[in-house]
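Engineer:
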Amino acid sequence: MMSERDKNIDWELAARVLSGEADEIDNGLLEQWLNADDANEQEWERIKESWNKGGNALFVQQTDTETAWQNVRRFSVDEVTDHAQRSRYFHSGRVLAMAASLILMLGLSWFFLLKPQGQKSDLIVSNTTREEMVLSDGSKITLNNRSRFLCQQPFSAEERTVQLEGEGFFDIEGNREWPFVIQTDDVTIRVTGTKFNVRAYPNLDVTEVAVLEGRVEVVPPSGDELIVLTGGQTAWFDKKSRMFSIRESTDPNLLSWITRQIRFDETPLEEVTETLERVYDANIQLADEALGGQKLTARFSDNSLDFVLEVVCTTFNLETKREGETIFLSAGNE
């Protein structure tokens, strides 16, 4: 008999597919849901028929989002030290039932797709806000805006492998016999227990790995070069030249997108806008490139973007103009 878990479709996913806005991941999620139970095919036909008849009221859903969030945001189980025990006690079915209720209210998509041959499940996270999660091994991950994260839960006994597109801060539970591997489009990162930040957005020319604690190994797609980083070092992988550069980490705002603590010390306005874009997920442009050389000294603590821009504009006598999702800064009237 089909369980409640298998017959309940993610309604936002269904709406994206039917409206033609689905991407490759969405289509894969739908296909796996359809394959989970024969009755899902019939349910999907009913949903499509309702959609075609204009019955979009079908997609209105009531949910206790606070209770759901408390259950979905944590993937670790009760305090156990052996990861094999974690595998046996990982309650993927319960988490799956909660996951589908979060989409509209939280802007975060959690999909647990059970594989019929075993107890493991694929976790795909596609978020539009900054979110935190704890994996089955106890590792803590924080994702920045517009990031995607994929892994299998619970992890295999050989290694802990995840995939990242976007930006994430990793606080990895240490285990020398159980490596943690992060795969991005351009580099592979291997650690056994450390804290580091990865910035790997596909639209950027550089993939950045910044280590706060411990030891991190970074390998390019060719696999013919191994970069070892230790605390306080940052590696940049240039996607065009396919070359690495390593520097000491000096950016005081490396984790400002998490802490919302921002510090500028004689910082060129060009760098200021780049930091604000990263922290607030905004598109900020200087109307005149000459403005980029002006330098700002300021401190901000959990302030809104509007407040920060007001300070910047007052300091340099600038004006803001919004065009769609872009904010332009231009010289004001004397």
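Per this note's numbering, the very first residue in the sequence shown carries number 847; after that it's consecutive.
All residues carry an ideal CB built from backbone N, CA and C; glycine is no exception.
Since this is a predicted model, take the numbers as computed values, not measurements.
1. Excluding the 5 residues preceding and the 5 following threonine 1121 in the sequence, name in chain order all residues of the same chain whose CB lies nearer than 6 angstroms to its CB.
2. Pull up the distance between the alpha-carbon of arginine 862 and that of leucine 981, whole angstroms please.
3. Measure the Cβ-Cβ separation of threonine 988 and glycine 1020 and say whether it is below 9 angstroms.
4. Going by C-alpha distance, which of Thr1172, Glu877, Phe995, Ile1130 is nearest threonine 855?
5. Is it right to say isoleucine 842 is buried, meaning 16 or more other beta carbons lie within 10 angstroms of its own, or is it exposed?
6. Under three-state DSSP, which class holds lysine 986?
7. Would you kindly work out how many angstroms separate the C-alpha atoms of asparagine 1163 and threonine 1076, rounded to a whole number?
8. List the DSSP bridge partners of asparagine 881.
9. Drop a sphere of 10 angstroms on the beta-carbon of glutamate 925, count the other beta-carbons inside from all chains shown, and report buried for 16 or more, exposed for fewer.
10. Is the distance from the Cβ of arginine 1145 to the Cβ of arginine 1106 below 9 angstroms?
11. Excluding the 5 residues preceding and the 5 following glutamate 978 in the sequence, name in chain order all residues of the same chain whose CB lies nearer than 6 angstroms to its CB.
12. Let me confirm a value: glycine 1069 is counted as buried when at least 16 other C-beta atoms fall within 10 Å, else exposed. Which label applies?
13. Check for me: the alpha helix (DSSP H) holding phenylalanine 1162 runs from which residue to which?
14. Using the Cα positions of glycine 1060 and glutamate 1094, report the straight-line distance between them to the nearest angstrom.
15. When the Cα atoms are used, what is the spatial distance from glutamate 1171 to leucine 1101?
16. Would you identify the three-state DSSP class for phenylalanine 921, choosing helix, strand or coil?
17. Going by beta-carbon coordinates alone, are valine 1037 and valine 1062 separated by less than 9 angstroms?
18. Pick from Leu1058, Asp1084, Phe1090, Ile970: whose alpha carbon is nearest that of proline 1048?
Structural biologist: Per the coordinate set shown:
1. Asn1099
2. 28 angstroms
3. no
4. As written in the sequence, residue 855 is isoleucine, which differs from the threonine given in the question. Among Thr1172, Glu877, Phe995, Ile1130, the Cα nearest to that of isoleucine 855 is on Glu877.
5. Nothing about residue 842 can be reported from this structure: the residues present for the chain run from 847 to 1180 only.
6. strand
7. 42 angstroms
8. Bridge partners of asparagine 881: none, in fact.
9. With a pLDDT of 32 at glutamate 925, under the threshold of 50, the modelled position of that residue is not reliable, and the figure given next carries that caveat. Exposed, because fewer than 16 other Cβ atoms sit within 10 Å of the Cβ of glutamate 925.
10. No, they are not a contact pair.
11. Thr988
12. Of the residues assessed, glycine 1069 falls on the exposed side of the cut-off, its CB having fewer than 16 other CB atoms within 10 angstroms.
13. 1151 to 1162
14. 14 angstroms
15. 24 angstroms
16. Reliability fails at phenylalanine 921, whose pLDDT of 40 lies under 50, so the model's placement of it is uncertain and the value that follows must be treated cautiously. In the structure shown, phenylalanine 921 sits in coil (DSSP, three-state: anything other than H, G, I, E or B).
17. Yes; because the gap between Cβ atoms is below 9 angstroms, this pair is in contact.
18. Asp1084
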